[in-house]
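J.: If you're matching them up, the sequences are chains Y and L in order. Counting from 1 along the first sequence, just add 208 to a position and that's the residue number in the working numbering. Counting from 1 along the second sequence, just add 14 to a position and that's the residue number in the working numbering. Provided herewith is a single structure, encoded as structure tokens, for subsequent inquiry.
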Amino acid sequence: MDSSDSAQITDGKLVESTESPFDRYRAFLARVHPIDLSLLMTTVLLLLYAGKVWYLDIPIRVLALLGLFIAPLRTNPRYWFIIMCFLVSANGLSWFRIDNHKYLMTYWLIAIAIATNLPEEQTLDFLARTARLLIGLCFAAAVIAKLLSPDFVNGNFMLHTMLFDSRFDTFTWLIGGVDDDVRRSLHALLYDLRSGYRKDVAVTEFWIPHSPRLLWVAHALTWWTLLWETMIAIAFLVRYNNPRIDSARQYLLWIFILATYSVALVSGFAWLLITMGIAQSPKNIARTRTLYFLLAAVVIQVYRLPLGALLHGILGAEP
Amino acid sequence: MQCNQVITRNLVPGILIVIVVLQNILTQTTPLTRWKGGGFGMFSTIDSTGARYLKCYLLTSEGDVPVRTPGRFAQEIRDIRLWPTSQGLMDLAEELTNLEWLLIEKKPPSAAVTVMEVNPLIKFSTEPQDHPYSVSLVRHKFDHEKVLPTKTILRVTGIRIELWRERLDPTSYRVYDEEWIQATALKSPTAS
Chain Y
209 MDSSDSAQIT DGKLVESTES PFDRYRAFLA RVHPIDLSLL MTTVLLLLYA GKVWYLDIPI
269 RVLALLGLFI APLRTNPRYW FIIMCFLVSA NGLSWFRIDN HKYLMTYWLI AIAIATNLPE
329 EQTLDFLART ARLLIGLCFA AAVIAKLLSP DFVNGNFMLH TMLFDSRFDT FTWLIGGVDD
389 DVRRSLHALL YDLRSGYRKD VAVTEFWIPH SPRLLWVAHA LTWWTLLWET MIAIAFLVRY
449 NNPRIDSARQ YLLWIFILAT YSVALVSGFA WLLITMGIAQ SPKNIARTRT LYFLLAAVVI
509 QVYRLPLGAL LHGILGAEP
Chain L
15 MQCNQVITRN LVPGILIVIV VLQNILTQTT PLTRWKGGGF GMFSTIDSTG ARYLKCYLLT
75 SEGDVPVRTP GRFAQEIRDI RLWPTSQGLM DLAEELTNLE WLLIEKKPPS AAVTVMEVNP
135 LIKFSTEPQD HPYSVSLVRH KFDHEKVLPT KTILRVTGIR IELWRERLDP TSYRVYDEEW
195 IQATALKSPT AS
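Rendered as structure tokens:
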């Protein structure tokens, strides 16, 4: 009998195992082949976040469910080729409408379709290298886009986002010190700026708050984002593979996911980064895998709770 | 390493690089928003699809009537907002001139007035017929819709669509919008 079972038979008697559920869970994670773990995470990713258009959503969900329950399918090159074809064609049809992580997901599926066609001894290395490069390149592209943008480096984008993106409401209130009433008034003004022409409300301009504290936070957020994304890009694009660099990659990615998605959650992107994070570290130990699993299964799901409203309630302000 | 092995190993990162370069060229040379197109430019600029919006006016003999664009054109409008072109705007304006527009004699429901009352920025009388807001009283006529006596078909001579975008002045922290592209399509006399 497997040592990880919860009970075992000794001298004809059923004896409870001394292993805790967490130990058994870690033992399970350590046992799973790194390729299968990445492919398993990818099927869940596809099941939850592949796309919204019916001609992608329906077939991909069916295929993902099949892959989830029929383990041999997950190593079948034809299975991944079919999924890749659906993703490439559906996302290709609406290529300038889809979000950026849908591109990354498509690249990842192309990589899997290629990897499962390679000889078994090359599959792991190919997936790991491609995942590492895709993460590095996507962060490098994000940094370049921010540097080329006319309103990112000067802090304007973050200032605007803090005041007008409702996902930042709690952050702006807690850290930026902007009251709910002020934000609500700003939202109303922005609404009238955009659609007031239909109601004869002549809002053509308004001024936003720019206290030293708010500006400081906007600039700090701007430079934190640039710095962290640059470090991730460098860490994942350098060719050297040693335990220190590998650890640095994991920590940089974990902190990015923890920090960024606590404010602006994009669950599909987070899950994809976690999936590729697992794949790019094929020699990962159970602890690494556990942390990735915790991020995907717990942290990302906890971030979906109305934490802002809860905080407002606890701290005694209206959400 | 063989040539085809090198290609296989670098194919996927290569595709990403090509798309990113292409998207960056397009955002520099055309009005494509940085948020779209696969360049990973999300959260890099205020100029997102949401910060670009259309203002639509019916041209009538009594003046321009602002209207909401019909929901059935939502996808087309979204496409225009994320990658606007004069031709795209003109195509939309021409499609809208093919619709009939109704003037509906209907007061806003009391619930709408209540909602407006809680907004301190809006000052108006509590009498629905007196408040200065005109809750959209003009809409397009649906296919096969019967025109009841309470509705009148507007005599529309054309449609003007304006694409505006939101800006933030970095020195004065002033939020304002500026008109970007405009298209006017006139209704052919035979159509009416």
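Backbone N, C-alpha and C define an ideal beta-carbon position, used for all residues, glycine too.
(1) Would you decide whether L/W194 is buried or exposed? Buried here means 16 or more other CB atoms lie within 10 Å of its CB.
(2) Going residue by residue through the region 302-334 of chain Y, where are the continuous alpha helix (DSSP H) segments of at least 4 residues, counting only ones entirely within it?
(3) Can you find a C-beta in chain Y that's less than 8 Å from the C-beta of L/L116?
(4) Roughly how many angstroms separate the alpha carbons of L/L25 and Y/G259, rounded to a whole number?
(5) Could you check whether the region 369-385 of chain Y touches the region 420-430 of chain Y, counting it as contact only if at least three pairs of C-beta atoms, one from each stretch, sit closer than 8 Å?
(6) Using only alpha-carbon positions, find the residue among Y/R305, Y/I416 and Y/C346 that is nearest to Y/H395.
(7) Are Y/R340 and Y/F444 touching if we call contact CB-CB under 8 Å?
(8) Please confirm whether Y/A478 and Y/I508 have their CB atoms less than 8 Å apart.
(9) Rounded to a whole number of angstroms, what is the C-alpha to C-alpha distance between L/H158 and Y/A517?
(10) Distance, Cα to Cα, Y/L271 vs Y/L481?
(11) Mind checking which residues open and close the beta strand (DSSP E) that includes L/M71?
(12) Give the list of continuous alpha helix (DSSP H) stretches no shorter than 4 residues that lie fully inside the region 344-423 of chain Y.
(13) Can you check whether the C-beta of Y/Y263 is within less than 8 Å of a C-beta belonging to chain L?
(14) Measuring only the C-alpha atoms, how far is Y/L342 from Y/F236?
(15) List the residues that DSSP assigns as beta-bridge partners of L/W178.
(16) Applying a beta-carbon distance threshold of less than 8 Å, which residues of chain Y neighbour L/E180?
(17) Y/G377: buried (16+ other C-beta within 10 angstroms of its C-beta) or exposed?
(18) Got a sec: is the Cβ-Cβ distance from L/G172 to anything in chain Y below 8 Å?
(19) How is the alpha helix (DSSP H) around L/R92 delimited, first residue to last?
(20) With contact counted as at least three CB pairs below 8 Å, one residue from each stretch, are the region 53-64 of chain L and the region 355-372 of chain Y in contact?
(21) Going by beta-carbon coordinates alone, are L/L286 and L/L168 separated by less than 8 Å?
(22) So what's Y/P514 in DSSP terms, helix, strand or just coil?
(23) My parser needs the alpha helix (DSSP H) runs of 4 or more residues fully inside the region 260-308 of chain Y; what are they?
(24) Drop a sphere of 10 angstroms on the beta-carbon of L/D191, count the other beta-carbons inside from all chains shown, and report buried for 16 or more, exposed for fewer.
(25) Per DSSP, what kind of secondary structure is Y/H241 in: helix, strand or coil?
(26) Using 10 angstroms around the beta-carbon of Y/L461, count the other beta-carbons present and answer buried if the total reaches 16, otherwise exposed.
(27) Could you give the distance in angstroms between the alpha-carbon of Y/A441 and the alpha-carbon of Y/L332?
(28) Would you be able to state if there are at least three C-beta pairs under 8 Å between the region 38-49 of chain L and the region 324-331 of chain Y?
(29) Is the CB of Y/T412 under 8 Å away from at least one CB in chain L?
(30) Taking all protein chains shown into account, do 16 or more other C-beta atoms lie within 10 angstroms of the C-beta of Y/T412, making it buried, or fewer, making it exposed?
(31) So L/G53 and Y/A349 are in contact, right, with Cβ under 8 Å, and what is the actual spacing, rounded?
(32) Alpha carbon to alpha carbon, what distance is there between Y/V390 and Y/L367?
(33) Buried or exposed: where does Y/G300 fall if 16 or more other Cβ atoms within 10 Å of its Cβ makes it buried?
(34) If you run the structure through DSSP and keep just helix, strand and coil, what is L/H154?
(35) Just to confirm the assignment, what range does the beta strand (DSSP E) spanning Y/I453 have?
(36) Please confirm if Y/L493 has its CB atom under 8 Å from at least one CB of chain L.
T.: From the atom records:
(1) exposed
(2) 308-323
(3) no
(4) One C-alpha to the other measures close to 24 Å.
(5) yes
(6) Y/I416
(7) yes
(8) Cβ distance < 8 Å, so Y/A478 and Y/I508 count as in contact.
(9) Cα-Cα distance, rounded: 46 Å.
(10) 21 Å
(11) Checking the sequence, you will find Tyr at residue 71 of chain L rather than Met. From DSSP, the beta strand (DSSP E) with L/Y71 extends over R66 to T74.
(12) 364-372, 377-382 and 388-403
(13) Under the 8 Å criterion on CB atoms, Y/Y263 is classed as non-interfacial with respect to chain L.
(14) Y/L342 and Y/F236 have their alpha carbons spaced roughly 28 Å apart.
(15) L/Y67 and L/E193
(16) Near L/E180 (Cβ distances below 8 Å), the residues of chain Y are L398, L401 and R402.
(17) Reading the sequence as shown, one finds Asp at residue 377 of chain Y and not Gly. It is buried - the Cβ of Y/D377 has at least 16 other Cβ atoms within 10 Å.
(18) no
(19) A88 to L96
(20) yes
(21) The displayed coordinates of chain L run from 15 to 206. Any statement about residue 286 of chain L would go beyond what the structure contains.
(22) coil
(23) 262-277 and 285-301
(24) buried
(25) Y/H241 carries a coil assignment under DSSP once its states are collapsed to helix, strand and coil.
(26) Answer is buried; the Cβ neighbour count reaches 16.
(27) 22 Å
(28) no
(29) yes
(30) exposed
(31) 6 Å
(32) 14 Å
(33) Counting the other Cβ atoms within 10 Å of the Cβ of Y/G300 gives fewer than 16, which makes it exposed.
(34) strand
(35) Careful: Y/I453 lies outside any beta strand (DSSP E), inside the alpha helix (DSSP H) at P451 to V471.
(36) According to the sequence provided, residue 493 of chain Y is Ile. The question's Leu does not apply to it. Under the Cβ distance rule, Y/I493 does not count among the residues neighbouring chain L, no pair being separated by less than 8 Å.
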